[in-house]
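*Asks:*
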Amino acid sequence: MFKKTLDENAFRKLKEKMEEGLLPQWVITDPDIYELERVKIFGRTWQFLAHESELSESGCYVTRWMVDDPVLLVKNPSGEFKAFLNSCTHRGPRLCTEDRGKKKTFTCPYHGWSFNLNGDLIGIVAGNKVYGEEMCKKDWALREIPRIGIYQGMIFACLDPNAIPLEDYLGDMKWYMDILLGRSDGGMEVRGVPQRWVTKANWKATAENFMADPYHVQTTHRSTVEMGISPEDPLYAGYGHQVVLNNGHGINVITSATGKARAPYQGTPESMWPMFNRNLSPEQAEILSKTTVFVGGMYPNLSFVSPIHGTEGHLHNYLNFRLWRPIGPEKVEVWCWFMIDKAAPEEYKEAAYKSYIGSFGPSGTLEQDDTEIWARMVEASKGLMARDKELNYNSVANYLMGLHRVEPDESFPGPGHAYPTTYLDAIARSMHEYWLELISKDMIKEENE
Amino acid sequence: MFKKTLDENAFRKLKEKMEEGLLPQWVITDPDIYELERVKIFGRTWQFLAHESELSESGCYVTRWMVDDPVLLVKNPSGEFKAFLNSCTHRGPRLCTEDRGKKKTFTCPYHGWSFNLNGDLIGIVAGNKVYGEEMCKKDWALREIPRIGIYQGMIFACLDPNAIPLEDYLGDMKWYMDILLGRSDGGMEVRGVPQRWVTKANWKATAENFMADPYHVQTTHRSTVEMGISPEDPLYAGYGHQVVLNNGHGINVITSATGKARAPYQGTPESMWPMFNRNLSPEQAEILSKTTVFVGGMYPNLSFVSPIHGTEGHLHNYLNFRLWRPIGPEKVEVWCWFMIDKAAPEEYKEAAYKSYIGSFGPSGTLEQDDTEIWARMVEASKGLMARDKELNYNSVANYLMGLHRVEPDESFPGPGHAYPTTYLDAIARSMHEYWLELISKDMIKEENE
Amino acid sequence: MFKKTLDENAFRKLKEKMEEGLLPQWVITDPDIYELERVKIFGRTWQFLAHESELSESGCYVTRWMVDDPVLLVKNPSGEFKAFLNSCTHRGPRLCTEDRGKKKTFTCPYHGWSFNLNGDLIGIVAGNKVYGEEMCKKDWALREIPRIGIYQGMIFACLDPNAIPLEDYLGDMKWYMDILLGRSDGGMEVRGVPQRWVTKANWKATAENFMADPYHVQTTHRSTVEMGISPEDPLYAGYGHQVVLNNGHGINVITSATGKARAPYQGTPESMWPMFNRNLSPEQAEILSKTTVFVGGMYPNLSFVSPIHGTEGHLHNYLNFRLWRPIGPEKVEVWCWFMIDKAAPEEYKEAAYKSYIGSFGPSGTLEQDDTEIWARMVEASKGLMARDKELNYNSVANYLMGLHRVEPDESFPGPGHAYPTTYLDAIARSMHEYWLELISKDMIKEENE
Amino acid sequence: MNADIQNQITHLLYQEAYLLDNRKYKEWLELLDDELVYRMPLRITAEGKEAVDLVDEMTYFEETKKSLTTRVNRLYTTSAWVENPAPRQRHFISNIMIEPATEPDEYKVRSYFLMKRSRASEHETEEIFGERNDIIRRIDGEWKVARRTIYPDQAVITVMNLSMFL
Amino acid sequence: MNADIQNQITHLLYQEAYLLDNRKYKEWLELLDDELVYRMPLRITAEGKEAVDLVDEMTYFEETKKSLTTRVNRLYTTSAWVENPAPRQRHFISNIMIEPATEPDEYKVRSYFLMKRSRASEHETEEIFGERNDIIRRIDGEWKVARRTIYPDQAVITVMNLSMFL
Amino acid sequence: MNADIQNQITHLLYQEAYLLDNRKYKEWLELLDDELVYRMPLRITAEGKEAVDLVDEMTYFEETKKSLTTRVNRLYTTSAWVENPAPRQRHFISNIMIEPATEPDEYKVRSYFLMKRSRASEHETEEIFGERNDIIRRIDGEWKVARRTIYPDQAVITVMNLSMFL
Ligand code: FES
Ligand code: FES
Ligand code: FES
Ligand SMILES: [Fe+3]
Ligand SMILES: [Fe+3]
Ligand SMILES: [Fe+3]
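Residue numbers (the numbering used here), protein chains in the order written: chain A, 1 to 449; chain B, 450 to 898; chain C, 899 to 1347; chain D, 1348 to 1513; chain E, 1514 to 1679; chain F, 1680 to 1845.
1) Under three-state DSSP, which class holds E1450/D?
2) Considering only DSSP beta bridges, list what N398/A is partnered with.
3) With DSSP run on the structure shown, which of helix, strand or coil describes I703/B?
4) Please list, in chain order, all residues with a C-beta atom less than 5 Å from at least one heavy atom of ligand 2.
5) Just the chain A side, please: which residues come within less than 7 Å of W1428/D by C-beta, in chain order?
6) Quick one: what does DSSP say H1214/C is sitting in, helix, strand or coil?
7) Express the C-alpha separation of N750/B and I653/B in angstroms, rounding to a whole number.
8) So, at 7 Å on beta carbons, what are the nonlocal neighbours of P863/C in its own chain, with the 5 sequence-adjacent residues on each side left out?
9) Which chain F residues sit within Cβ distance under 9 Å of V647/B?
10) Spatial neighbours of Y1461/D within its chain, please: C-beta separation below 7 Å, excluding the five flanking residues on both sides.
11) So with CB distances below 7 Å, who are the chain B contacts of F1460/D?
12) Where A575/B and L1675/E are concerned, what is the direct C-alpha to C-alpha distance, given to the nearest angstrom?
13) For E19/A and M1033/C, what's the separation of their Cα atoms in angstroms?
14) Under a CB-based cut-off of 7 Å, is T995/C close to chain E?
15) Quick check on L1533/E: buried or exposed, where buried means 16 or more other Cβ atoms within 10 Å of its Cβ?
16) Note down, in chain order, each residue of its chain lying with its Cβ closer than 8 Å to the Cβ of W1541/E, except the 5 sequence neighbours on either side.
17) Decide if S505/B is buried, meaning its Cβ has at least 16 other Cβ atoms within 10 Å, or exposed.
18) Taking I1504/D as the query, report the chain B residues whose CB atoms sit under 9 Å from its CB, ordered along the chain.
19) State the start and end residues of the unbroken beta strand (DSSP E) segment that holds W1101/C.
20) Taking 7 Å as the threshold (beta carbon to beta carbon), is T1392/D in contact with chain B?
21) Roughly how many whole angstroms lie between the Cα atoms of W624/B and Q733/B?
22) Who does A83/A pair with in a DSSP beta bridge?
23) Could you name the residues of chain A that A1433/D contacts, counting a contact when the two beta carbons are closer than 7 Å?
24) What would DSSP say about F725/B, mapped onto helix, strand or coil?
25) Please determine whether the Cβ atom of T220/A lies at a distance below 6 Å from any heavy atom of ligand 4.
26) Can you have a look at E333/A and say buried or exposed, based on whether 16 or more other CB atoms are within 10 angstroms of its CB?
27) Is DSSP giving Q1833/F helix, strand or coil here?
28) Which residues of chain F have a Cβ atom closer than 7 Å to the Cβ of R1386/C, listed in chain order?
29) Looking at ligand 4, does it come within less than 6 Å of D370/A, judged from the CB to the closest heavy atom?
30) Could you tell me if N1346/C is buried or exposed, where buried requires 16 or more neighbouring beta carbons within 10 angstroms of its beta carbon?
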């Protein structure tokens, strides 16, 4: 409510350093930066809400959050998805506090106003007795989230009415989403509900860790090497391509030392391969057939991993999407969805689900160690040295890997800038550049406000 | 400590909307608004401290809070009430941490300075040995709360030395306080001590809910209808008058469909009626005789309800005052006093007390459901849509009920603007208008500071 | 990140009052003041890290905090102490989360970079395979804390590269540190590790309470009088000298009513006295021989006490240092070291340690009561009256004791301004004056930024 | 103290907690004696360390079996919003001390409670804790709670409401 | 309920907690039946107060003795950073209710858990709480946990990870 | 383990907690053996997951019955401000494991504690938790605590002071 004037100097220094592949440490958990991110990144970009398989029939709904905005996502009678602010229009209380369900009408417990699946205000207790011409029901329908879009069953929404369309925002990422989500007849399905937990982390660090950092696998997850599950070769997660896409998106297509996958088509049953080929373009099919792990994400806060697990003869693959919902600069509420091909054999689905539980999510043996790292990044980010905007202590993080040295591999069949290794900071740099572009947009305007 | 310049634009929009009977949602829990409220509302208006029956004899004291200011209220040897800042004048520690008691002297545990019931510094350990002319005891008496006032046994204080007198501030509310507190010989008495609990709510929402919103009763408290305790008629809480008073005060005088009370004189023992008539003016007596429930409050944060409970033959009535002490924008410490006519029969008092416990306070079956609503209002108030000061998402709460349509009933015997229904947003609008007047006062001055 | 302009007016008033021996109550826990303190006091003054006896051999390390900066203090192979920011230079996570240990190499769990005891980056996983000319190892050594210094075994560090040398900063305090820490051959040794706990307090209040306030002993610790452990005479802690030193440092040299100590040389074994005399100058030895209790501190947040405990025949003395680490304006993490002469007899050390446990630290019967006081100071500091910068309510703390009346005693053998009583506010005033000097430095500059 | 009776009474308290935590309120009522007196006085901060800091004349609960039955019935309506949707509640019962009361088959039972609650998808959980003093008696072979006095340890309750039973 | 068996089973649960809290994970494994089924379904906020608010098809743990053994072995590697350095953990087990199951020497055991954890020198401690439903059976005189289902009370878990066993 | 002795020792620990929580400190002293050794070492975060993270040479309590008696007497003075006015304290004792010690009539007793405290009208309550290792012995038919070692679970204690006994 009080006007604020930005410290351009700090921003100039920030820009300079980033051009050198360095990210000043102070931006990670700085509260003012967080406030800018809330408004200028999460207020303007497309965020993931749910997968269509979570709302099977008309009347099904789930409640979600776009950072601090409570969202009610419903499937209306005509089968469309509608996203509303989950707040009664009369006086504002959260309308629905359940996680999911099926309803025809949402009734507010305060004064009893009720809304249908299209958000229309359909009931006012004692309506005409207590309200007259001063009140026009139409004006009091649930407020829609300005934009909603869906691609490959993934439902996104955006708070900015003037945002570019979802498909434009996703851009070349769509080509890879086709592989991940479109390879099977009937697409993918969510099992049950997402796992949810709160972890000590900044959302930028978790997103980068997942989307842009296969290099951490060799140490953070070294216990898998000690356990004999992962290869000794420290480069094992580095083979393949890191693909930088538009708008901060990116994907790592990890193969193996041989340049091929540990198993074709990520260890899926051979019976499914013809279906994949039918649903994909030759280039997409080729990549799928050769890849061990896909890991990447859509900016700002949706990440995914599609790995191979298991041992010879019992290999399986699944798709895990995770949303990093910021809860202040130092906390993230993680939402983790397990997804699998609707067309896969039941026992295969079951086995894949079990390996997911063993590896990812709050109890996953891989993810557990990531949470320790995320917490440590927060814990070292509050001091005067880390927070110094003048950079007198040279507190900058290193994103030099491959800078001005590793060049894109033109022979890569997919879109985007594909670099011939995934031990690279190219996606991370691109994420942070987009981050800076977004938060510094309209800064001048603001100053003159 | 840092100068702040207000966003006049946001305030202009706020004023416009409020003139249309709409309240922008962002003001509910906005932290900057809260800070303004703390200083400009709670720093300048009269707040309730205690009822005189809580301090029966000289030396009795209670400790209270005026939002964040700790207050020590004592009855001095001459029987006057004195309110002091509960902070030792030497170095500032909270002088008394007890809730209530009886003392002649308050001794600080830090260096042993002691103060009498008039706040005079009467003891300094090793005084003349360690202090000389540099120290004048008179200068170090306890700091008095600038203003204290009492009406009908209700003790109020104010932090603004230049505030208008309590009686002027209460204005026409005094006429109704006479009915509530003055109907019986010996007035009312507090039973025991106030119940206290912390609930998730903004103080404006709780105050409005109690003072200005009989319309919520039909849904929030519908369980009483399902239980057969309240009538089916959704209008049941709407019969009677909503009386808008000065300075944001207001009272709802709820009768019933017949225009009369469910039982005369709120179901009090017939033996008491002549006493009521003796203590009240004919107009006041007439209202008392006809009313089922009185519910309202004194701005900013004191509310009351005087209901009827029980079934034919075992009816009883009591008076419940509650103070909404703000604890940040999202929490309220509720103080709940049970009060009853000193002159009432003991078993009647007992029965009334039991119905109070069953209905109000943290364990009250009515109030429990209110707490759920208050929490939901907080939970939906933090997002970008709700907080948008530009109102691009049209996030405004609806206070249209009766706007420009329902006219005052001139035949009503009491003072104030009495509207012929209590399903009305008239008091709420008047509260919020006064709120805006208070927080925007001296805004310009501040800017030029 | 947003420019802030200071309220000079509030500062002017602050200065005026302080010149009169009064400290406005609002500065104690004001959040903006706290932010200034973090940057301008803790970012520029010398802070205590550890005593050399805590790191016996090369490779030993302890992790400490300079307010919010995590510090890794190691003894390198050449036996020097090195203080590094405890944050991996690659992406910033806290490098070492242990309290103490012994290592040759610190390996980061994120990507496996490793650093030696000189902070050099000695290992990068798959280094030359993933990094090329873009990366120069030398640039990525651990970041040193700009300044480190040691005096009488006490290791200090400073975040300001341009700070004056430690010895200049300590100034005349060194002369008293020689008595406390240098009296015995082999100096003092820390027993085990420091006790640590979080208490409700503002760091200024705890530092003042310890360094500058023997006057509180007679009331806060009156239970010892009731127990017959301390004399009835309320002046008992006031005999001796309060010595005001430069840069906000100070020490109280408490003797007894006789002007002599309760027991010579603080009740240490007579066998040690010649050693003391050998290690000290005649003036230092004289003071040591005559003193019952030394209590004081080095500004900003290191305090000490060296008392006598026990009864005739079983007297003993020890040295307790405590660091007041601010955790926000209302919390302090206290670090408490028990130190004793390395040269003292074992059973004497044991007995001294036991009396320490009974008296100081979170379970100490003396300190327990201090914690209650510290909490009360916080609890009464948030209200509008206490926080009013205009001082309309005259909310100022009293530091008048001896102001313009008690004159220094020129005959005192030690350096500094030695006043002939310890019931005096001279050190407190000097601390607060230095505090004001530090936080208001460069204010103008900031404004024009 | 007869170990067998000890186990039975302990089991009764655990059973009670389980029924409450699983919202089987009607089954819970069956564990209560018809003569039940169920109270929860206020705690205050009183002068001096010896002072009685419980205020008997004002309570959070002043109940009989009848009034508790009304409270329970309300929770089975469709509009008891405070528990619809239902929060998760958990009564940790510990430090159970049993001694014979005046009547045969009647025992004084003291227990500590720590009650935790998680509402909707909120991250913050709520808690309340303190002591309970019961009279538990056996009537035709069935153990019933005949008297309960609940002492909260806080002068200011920090749960948003007391919709739970303790 | 035979008091002796009651004590033995109670002791087993306390022993188990003690082994976990003291990181004797391998010793802990020995208390588990080879046929162990160990699950932790998700809790959600569901419509209506009667609704089942546990989602059986998605879990935080879906384990067998084999998979738990793998988890334990991992904790003995040098690079299981989440517990190296080790946080302090404490399993408060209470409200133990035991009843005979279908098989002889087999019992249905319900218990409440409150697990607290303190990591490094952080001031904030973490906690998770809820209910456990076990099948505990005696095999050649040794008590073993044969089945465990853990119900968390929160829809959103607020511990930074579930590296502990419950 | 003899169920009867189990009950008696368990009762002793509950009785002790009750006396402390109701500030009957002098009665509490009577439960302590004259030879009592009462200690509370510090917890630290140590290198490696196997490391001993208790520092025996520095403590929060290093007491004998005599020193505890002094502490108790102090709490009965008029100026032990830390508990005057008195905060409310609650010792939740659980996971009690008892085994015979070397001497007859002497037992090794391990228990978990969760201690909560509420001061004045503050909304925030304090807590401390961990493990206790006792030697409890019977002397002329009376059970006494002969040795207690308290292990806190935090490296940094987050109660404002340790004025309570654990
Ligand atoms: S707030 Fe929803 S109906 Fe009034
Ligand atoms: S602060 Fe109260 S006497 Fe010093
Ligand atoms: S962050 Fe430490 S090695 Fe990468
Ligand atoms: Fe990872
Ligand atoms: Fe209501
Ligand atoms: Fe002290």
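C-beta: ideal position from N, C-alpha, C; glycine also.
*Replies:* Short version:
1) coil
2) Note: N398/A sits in a beta bridge opposite L22/A.
3) strand
4) C537/B, H539/B, R540/B, C557/B, Y559/B, H560/B and W562/B
5) P109
6) strand
7) First, the residue type needs correcting, since residue 653/B is Lys and not Ile in the sequence shown. Their backbone Cα atoms lie some 8 Å apart in a straight line.
8) Residue 863/C lies beyond the range of chain C shown here (899 to 1347); nothing can be said about it.
9) Neighbours of V647/B in chain F, taken as residues at a C-beta separation under 9 Å, are given in chain order as H1802.
10) First, the residue type needs correcting, since residue 1461/D is Leu and not Tyr in the sequence shown. Hits under 7 Å: F1439, E1474 and F1476.
11) Under the 7 Å cutoff, chain B gives no residues; its nearest Cβ is about 15 Å from F1460/D.
12) For A575/B and L1675/E, the distance between alpha carbons rounds to 60 Å.
13) Straight through space, the alpha carbons of M1033/C and E19/A are spaced by roughly 15 Å.
14) yes
15) buried
16) E1529, L1532, L1533, V1585 and F1678
17) S505/B is exposed by the Cβ-count criterion.
18) Q644, R645, W646, V647 and P811
19) No beta strand (DSSP E) contains W1101/C, which is instead part of the alpha helix (DSSP H) from W1101 to M1109.
20) yes
21) If I take the Cα positions, the gap works out to 8 Å.
22) According to DSSP, which records beta bridges pairwise, A83/A is partnered with L73/A.
23) Ordered by position in chain A, no residue passes the 7 Å Cβ test against A1433/D, which lies about 10 Å from the chain.
24) helix
25) yes
26) buried
27) coil
28) Lying before the first or after the last residue shown, residue 1386/C is absent from chain C, which here runs from 899 to 1347.
29) yes
30) Its pLDDT being 46, under 50, N1346/C is placed unreliably by the model, and nothing is read from it.
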